[in-house]
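2 protein chains.
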Amino acid sequence: MARTGRRPGPTSTRESIVAAAAECFATQGFDGTSMRGVAAAAGVDSALVRRFFGTKEQLFTEVATALIVPERALAAVAAGAPDAAGERLVRYFLSLLGDVSQPGPFFGLIRSAVDSEHAAALLRRLLADRVLGELATSFRSENAELGAALAASQLVGLAVARYAVRLDALTAAGTEDLIPWVAPVVQSYLTGTRIS
Amino acid sequence: MARTGRRPGPTSTRESIVAAAAECFATQGFDGTSMRGVAAAAGVDSALVRRFFGTKEQLFTEVATALIVPERALAAVAAGAPDAAGERLVRYFLSLLGDVSQPGPFFGLIRSAVDSEHAAALLRRLLADRVLGELATSFRSENAELGAALAASQLVGLAVARYAVRLDALTAAGTEDLIPWVAPVVQSYLTGTRIS
DNA sequence: TTAATAAGTCTCCAAACGAGGACTTAGGAG
DNA sequence: CTCCTAAGTCCTCGTTTGGAGACTTATTAA
């Protein structure tokens, strides 16, 4: 029987709740994740989650903003030869998603965006304003915004097809198998190059 | 107060339940859809939904198999010039998804596949065995299976980014704006053509 | 005509959920 | 030493969920 009252010593409870929440969102989506489940995963009383973060939507907001670091993505694209930006972006994205058999926290954002309007709006705002916009201005092609959005759509689709639907051909393929196919596509979207 | 007991005359209740369920799955996903909600949308008692279809998973199976007609997709790809198969496939897929402001029932399948492991497994089976497999054998390129899966991933990603996340650039773009970008990509995936 | 079955409604149940109130204990500032 | 606040737990409320049983009425085949 756990004691009541505050624990002795310094605490990292807040961080462990965020980590547990990220994992829940990744494996069960927004709807499927319960405040109680997050609390249980963090080894904490559910009322404490509420005390720290308020509603479930606020908890998701916290997790999402902690997970999305636009500077990383933009740096990954900017650093290096421009004609390999697509490949670097794909590699960065795949590394974010993690192993096929065990999708990382970042996949939870996509998953949650599909079942919660709030998550979708948050992701739309974060992605569109902070990432895709910058991406579009760094490649000054015509219709750069559309190109950046399409690049994102290919990456999101890869995530959904590989980690959620789990199409055999995609789960069997490793990063190095996917790169030669997907990288040129993303590259062409970014630069606005029409292909054959 | 509705009368109890069987209604006189012929009945189309089963069909209207399937239609209502398809709409619920499309707008709220698998988890977000409740048996009671389906019943209410069909103007029917919730116990009747259970009597007809059993569990929610069985109801989804019914809806999905009624919605996925592999022959249509394959016909759309097969009929016409081979080098325009990608374009025809993209057009067919976009027509399935319906209007941006009001996603059709087909989008519910993708949405649900992200929510529910059962929905994902069903979609994986239907897509992989019935559609992608056939698609791969009709284009006998090397790694045709992977190519077909990647084509599917681009289409699914377009659906998620446009209808769920609702990226501005994609909701603003019409079918004719998307075709010149996406069709060549899908075409290259299908034929296995490496691009520049 | 009658028995079986399909179609339909009402009511209940146990579980899980989000939310919140009341309480207890530790750390830190005065 | 003494408050005040942060950290933590317990219990409850109202709602919704998927599921299931019991009952009623129309259709249909023997």
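Sequence order for the protein chains is A and B. For reference, each letter of the first sequence is one residue, going 1 to 196 in the working numbering. For reference, each letter of the second sequence is one residue, going 197 to 392 in the working numbering. Glycine residues also receive a C-beta, built at the ideal position from the N, C-alpha and C atoms.
**Q.** Where the region 215–231 of chain B meets chain A: residues whose CB sits under 7 Å from a CB there
**A.** G225, D227, G228
Q | Within 9 Å of chain A by C-beta, residues of the region 358–383 of chain B in sequence order | A | R358, A360, V361, R362, L363, D364, A365, L366, A368, A369, D373, L374, P376, W377, V378, P380, V381, Q383
Q) Below 9 Å between beta carbons: does that hold for L150 of chain A and L374 of chain B? A) By 1-based counting over the first sequence, the position of residue 150 of chain A is 150. By 1-based counting over the second sequence, the position of residue 374 of chain B is 178. Cβ distance < 9 Å, so L150 of chain A and L374 of chain B count as in contact.
Q | Burial state of T33 of chain A (16 or more Cβ within 10 Å) | A | On the first sequence, position 33 is the one that residue 33 of chain A refers to. Buried, since its Cβ has 16 or more Cβ neighbours within 10 Å.
Q: Rounded to whole angstroms, what's the CA-CA distance from A260 of chain B to A317 of chain B? Just pull it up for me.
A: Residue 260 of chain B sits at position 64 when you count from the first residue of the second sequence. Residue 317 of chain B sits at position 121 when you count from the first residue of the second sequence. Going by the C-alpha atoms only, they are around 12 Å apart.
**Q.** Inter-residue Cα distance where the pair is V381 of chain B and E142 of chain A
**A.** Here residue 381 of chain B is taken as the residue at index 185 of the second sequence, counted from 1. Here residue 142 of chain A is taken as the residue at index 142 of the first sequence, counted from 1. V381 of chain B and E142 of chain A: Cα-Cα distance of roughly 18 Å.
**Q.** Residue-chain proximity (G353 of chain B, chain A), Cβ-Cβ < 9 Å
**A.** If you number the second sequence from 1, residue 353 of chain B lands on position 157. G353 of chain B counts as touching chain A.
Q) What is the DSSP secondary structure of G294 of chain B, counted as helix, strand or coil? A) Working through the second sequence from its first residue, we reach residue 294 of chain B at position 98. G294 of chain B falls in the strand class under three-state DSSP.
Q. So what's A215 of chain B in DSSP terms, helix, strand or just coil?
A. Within the second sequence, residue 215 of chain B is the residue found at index 19, counting from 1. Note: A215 of chain B maps to helix in three-state DSSP.
Q.
Is it buried or exposed, R125 of chain A, if we count other Cβ atoms within 10 angstroms and call 16 or more buried?
A. Start at 1 with the first residue of the first sequence, and residue 125 of chain A comes out as number 125. That one is exposed.
Q.
Is there a C-beta anywhere in chain B that falls below 9 Å from the one on G104 of chain A?
A. Along the first sequence, read from residue 1 onward, the residue named residue 104 of chain A stands at position 104. No - not a single Cβ of chain B is within 9 Å of the one on G104 of chain A.
Q | Supposed contact pair V100 of chain A and T193 of chain A - C-beta distance, whole angstroms, cut 8 Å | A | What you label residue 193 of chain A is simply residue 193 of the first sequence in a count that begins at 1. What you label residue 100 of chain A is simply residue 100 of the first sequence in a count that begins at 1. That pair is no contact at about 30 Å.
Q) Which chain B residues sit within Cβ distance under 7 Å of S145 of chain A? A) By 1-based counting over the first sequence, the position of residue 145 of chain A is 145. It should be noted that the sequence gives Glu, not Ser, for residue 145 of chain A. By Cβ distance, chain B contributes A365.
Q | Contained beta strand (DSSP E) runs [length at least 3] in the region 262–339 of chain B, N- to C-terminal order | A | none
Q: Quick one: measure Cβ to Cβ for M35 of chain A and R51 of chain A, integer angstroms, because I've assumed they're closer than 8 Å.
A: Position 35 of the first sequence, counted from the first residue, corresponds to residue 35 of chain A. Position 51 of the first sequence, counted from the first residue, corresponds to residue 51 of chain A. Actually they are not in contact, since the Cβ atoms of M35 of chain A and R51 of chain A sit about 11 Å apart, beyond 8 Å.
Q. How about D210 of chain A: is its C-beta nearer than 9 Å to some C-beta of chain B?
A. In the structure as shown, chain A begins at 1 and stops at 196. Residue 210 of chain A is therefore absent and cannot be evaluated.
Q. Within the 9 Å Cβ cut-off, does V160 of chain A reach chain B?
A. By 1-based counting over the first sequence, the position of residue 160 of chain A is 160. So, interface residue.
Q: Could you check if R88 of chain A is buried or exposed, using at least 16 other CB atoms within 10 Å of its CB as the buried criterion?
A: As a position in the first sequence, residue 88 of chain A is number 88, starting the count at 1. With 16 or more Cβ atoms within 10 Å of its Cβ, R88 of chain A is classed as buried.
**Q.** Continuous alpha helix (DSSP H) stretch holding G233 of chain B: start and end
**A.** Along the second sequence, one-based indexing puts residue 233 of chain B at 37. First-last of the alpha helix (DSSP H) with G233 of chain B: 231–238.
Q) When the cut-off is 9 Å and only beta carbons count, does Y288 of chain B lie next to chain A? A) As a first step, residue 288 of chain B must be located in the second sequence, where it is residue number 92. False, the Cβ-Cβ gap to chain A never drops below 9 Å.
Q: Could you tell me the distance, in whole angstroms, from the CA atom of L167 of chain A to the CA atom of G250 of chain B?
A: As a first step, residue 167 of chain A must be located in the first sequence, where it is residue number 167. As a first step, residue 250 of chain B must be located in the second sequence, where it is residue number 54. Their backbone Cα atoms lie some 28 Å apart in a straight line.
Q: Anything in chain A within Cβ reach of A260 of chain B, meaning under 9 Å, just list it in chain order.
A: Start at 1 with the first residue of the second sequence, and residue 260 of chain B comes out as number 64. Near A260 of chain B there are no residues of chain A at all, since even the closest Cβ is about 13 Å away, more than 9 Å.
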